[in-house]
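In the order they appear, the protein sequences are chains A and B. Quick note: the first sequence, position 98, residue 98 per the numbering used here, numbers continuous. Quick note: the second sequence, position 86, residue 86 per the numbering used here, numbers continuous. Even for Gly, the Cβ is constructed at its ideal location relative to N, Cα and C.
Number of protein chains: 2
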Amino acid sequence: MDFPARTPEPPYYAVVFTSRRTPADAEGYAVTAERMLELASGQPGFLGIESVRAADGHGITVSFWDSLESIRRWGRDAEHRLAQAGGRSKWYAAYRLRVCRVESDRIFEPSENP
Amino acid sequence: MDFPARTPEPPYYAVVFTSRRTPADAEGYAVTAERMLELASGQPGFLGIESVRAADGHGITVSFWDSLESIRRWGRDAEHRLAQAGGRSKWYAAYRLRVCRVESDRIFEPSENP
Numbered sequence: 001m002d003f004p005a006r007t008p009e010p011p012y013y014a015v016v017f018t019s020r021r022t023p024a025d026a027e028g029y030a031v032t033a034e035r036m037l038e039l040a041s042g043q044p045g046f047l048g049i050e051s052v053r054a055a056d057g058h059g060i061t062v063s064f065w066d067s068l069e070s071i072r073r074w075g076r077d078a079e080h081r082l083a084q085a086g087g088r089s090k091w092y093a094a095y096r097l098r099v100c101r102v103e104s105d106r107i108f109e110p111s112e113n114p
Numbered sequence: 001m002d003f004p005a006r007t008p009e010p011p012y013y014a015v016v017f018t019s020r021r022t023p024a025d026a027e028g029y030a031v032t033a034e035r036m037l038e039l040a041s042g043q044p045g046f047l048g049i050e051s052v053r054a055a056d057g058h059g060i061t062v063s064f065w066d067s068l069e070s071i072r073r074w075g076r077d078a079e080h081r082l083a084q085a086g087g088r089s090k091w092y093a094a095y096r097l098r099v100c101r102v103e104s105d106r107i108f109e110p111s112e113n114p
């Protein structure tokens with residue numbers, strides 16, 4: 001997966017998901033997180049995803065979408081809703097999810113585009 | 001610093017800065033990154049910041065602002081521009097900077113707000 005994600009020209013939409021992990025259930029979390037990346041990538045309107053988690057349990061995942069409707073549809077996906085419930089009951093100490101409209105971007109990738 | 005950042009009710013603006021580090025100059029980078037966090041926090045219109053970097057060099061920093069004008073002013077800050085030049089010449093293999101309007105949010109922080 002490209003990092004940074006190779007998103008199209010703005011405008012498009014982003015979901016910025018910022019979270020702190022609990023120490024609980026590292027293995028179950030890893031399996032579900034990987035599955036959600038795979039499932040999100042197959043959704044209609046998906047444009048890309050970037051995810052980083054540091055050793056202290058702080059994480060930011062940004063997913064990119066063509067429309068608010070695509071974001072809503074992914075939020076209501078049945079398997080995704082099960083994962084969300086797991087997030088609230090055991091995996092996350094806290095999170096904020098922000099839905100954004102990407103207005104402009106600036107790209108620096110000298111090695112790939114010499 | 002709060003993580004996630006305690007931003008106000010939307011709408012407001014976010015700068016999502018996604019980057020891959022080179023292996024170069026870890027110490028100089030750390031000093032400058034710390035200084036930029038401090039400097040950004042003192043800018044007019046600053047609402048908060050979240051930053052995560054993983055061991056593989058992938059990083060996402062999201063800063064929050066009251067307006068596009070505040071974002072532009074911070075982008076033009078003289079010391080910040082010097083750091084940006086260092087980023088392009090040695091610290092970053094690639095980055096994307098996306099300017100976004102935050103439309104809505106969802107908050108989960110059970111331990112702080114029982």
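> Given serine 70 (chain A), which residues of its chain have a CB within under 8 Å of its CB, disregarding the five upstream and five downstream residues?
Replying inline: For serine 70 (chain A), where only same-chain residues beyond five positions count, the Cβ hits under 8 Å are Tyr13, Gln43, Pro44, Gly45, Phe46.
> Within 10 angstroms of its Cβ, does arginine 88 (chain A) collect 16 or more other Cβ (buried), or is it exposed?
Replying inline: Exposed.
>> For aspartate 66 (chain B) and alanine 83 (chain A), what's the separation of their Cα atoms in angstroms?
In response: Annotation: aspartate 66 (chain B) to alanine 83 (chain A) spans about 33 Å, alpha carbon to alpha carbon.
>> Alpha carbons only, please: which of A:Arg72, A:His58, A:Ile107 is nearest the one belonging to serine 104 (chain B)?
In response: Taking only the C-alpha atoms, the option nearest serine 104 (chain B) is A:Arg72.
> Would a check of beta-carbon distances place proline 23 (chain A) closer than 8 Å to chain B?
Replying inline: For proline 23 (chain A), the answer is no, since every Cβ of chain B falls outside 8 Å of its Cβ.
>> Can you tell me which residues form a DSSP beta bridge with tyrosine 12 (chain A)?
In response: Per DSSP, the beta bridge partners of tyrosine 12 (chain A) are A:Val102.
> In chain order, what residues of the same chain have a beta carbon less than 7 Å from the beta carbon of proline 4 (chain A), not counting five sequence neighbours either side?
Replying inline: Take proline 4 (chain A), set aside five residues on each side of it, and the residues of its chain with a beta-carbon closer than 7 Å to its own are Glu50, in chain order.
> From A:Ala40, A:Val102, A:Arg101, A:Gly59, pick the residue whose C-alpha is nearest to that of arginine 76 (chain A); which is it?
Replying inline: Selected option, being the one with the closest Cα: A:Ala40.
> Using CA coordinates, which residue listed in B:Trp91, B:Glu109, B:Ile107, B:Val16 is at the minimum distance from proline 124 (chain A)?
Replying inline: The requested residue 124 (chain A) is not part of the displayed model; chain A covers only 1 to 114.
> Using the C-alpha atoms, what's the distance from glycine 48 (chain A) back to methionine 1 (chain A)?
Replying inline: Going by the C-alpha atoms only, they are around 9 Å apart.
> Do the CB positions of alanine 54 (chain B) and arginine 20 (chain A) come within less than 8 Å of each other?
Replying inline: Not closer than 8 Å, so no.
> By the criterion of Cβ-Cβ separation under 7 Å, what are the contact partners of histidine 58 (chain A) in chain B?
Replying inline: Per Cβ cutoff of 7 Å: Phe3, Val52.
> Which residue comes first and which comes last in the beta strand (DSSP E) that contains glutamate 50 (chain B)?
Replying inline: Here the beta strand (DSSP E) through glutamate 50 (chain B) covers 46-53.
> Of the choices B:Val16, B:Ser63, B:Ala33, B:Asp25, whose alpha-carbon is the least far from that of phenylalanine 64 (chain A)?
Replying inline: For phenylalanine 64 (chain A), the nearest C-alpha among the options comes from B:Val16.
>> Is serine 89 (chain B) a contact residue of the ligand ZN, with contact defined as CB to any heavy atom under 7 Å?
In response: With respect to small molecules bound, the structure shown includes none, and the ligand ZN cannot be examined in it.
> Quick one: does phenylalanine 115 (chain B) have its CB under 8 Å from some CB of chain A?
Replying inline: An answer regarding residue 115 (chain B) cannot be provided, because it is not within the stretch 1 to 114 covered by chain B.
>> Considering only their Cβ atoms, is the gap separating alanine 93 (chain B) from threonine 7 (chain B) smaller than 8 Å?
In response: No Cβ-Cβ contact shorter than 8 Å links threonine 7 (chain B) with alanine 93 (chain B).
> Residues of chain A with CB under 7 Å from glycine 104 (chain B), in chain order?
Replying inline: The displayed chain sequence assigns serine, not glycine, to residue 104 (chain B). Within chain A, the residues near serine 104 (chain B) are Val99.
>> Does serine 63 (chain B) come out as helix, strand or coil in the three-state DSSP assignment?
In response: Reduced to three states, the DSSP call for serine 63 (chain B) is strand.
> Closest by CA to methionine 36 (chain A), which one among A:Arg106, A:Trp74, A:Arg101, A:Arg98?
Replying inline: By alpha-carbon distance to methionine 36 (chain A), the top candidate from A:Arg106, A:Trp74, A:Arg101, A:Arg98 is A:Trp74.
>> Check this for me: beta carbons of isoleucine 60 (chain A) and valine 62 (chain B), under 8 Å apart or not?
In response: Contact flag set, yes.
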